[in-house]
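Using my numbering, read the sequence shown as starting at 1175 and increasing by one per residue.
Below is one structure, written out as structure tokens; comments come after it.
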Amino acid sequence: MEKDIHIGNIIRQKLQEQERSGAWLARKLYTDSSNMSKILKRKHIDAGLLLRISLILEENLFDYYSDAYAEKRQK
1175 MEKDIHIGNI IRQKLQEQER SGAWLARKLY TDSSNMSKIL KRKHIDAGLL
1225 LRISLILEEN LFDYYSDAYA EKRQK
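This is how it looks when you write it as structure tokens:
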């Protein structure tokens, strides 16, 4: 079964795990809270932005795509 990755939901989950808010992440990204809200609703985001968020959260969010890639390759 193909993984359905919704990166905004994953980021939101990581923020909750770290007990941090979207506003906190917005400040770290030098953006406003309304833009952060839009990012968290997205299913896909730019790789550069994903890298910045990964570094801020200290989580390799690209792993989700690597796992999906490996799963597809096995089929």
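The beta carbon of each residue, even a glycine, is placed where N, CA and C say it ideally should be.
From a predicted model like this one, the values you see are computed outputs, not experimental measurements.
Under a 10 Å Cβ-count criterion, Leu-1229 is classified as exposed, with fewer than 16 other Cβ atoms of the shown protein chains found around its own Cβ.
Contact annotation, Ile-1184 with Ala-1242: C-beta distance approximately 12 Å; criterion of less than 8 Å not satisfied.
Glu-1245: member of the alpha helix (DSSP H) spanning 1237 to 1248, first to last residue. A direct Cα-to-Cα measurement between His-1218 and Gly-1182 gives close to 7 Å. With a contact defined as Cβ atoms closer than 8 Å, Ile-1227 and Leu-1214 miss out at about 10 Å.
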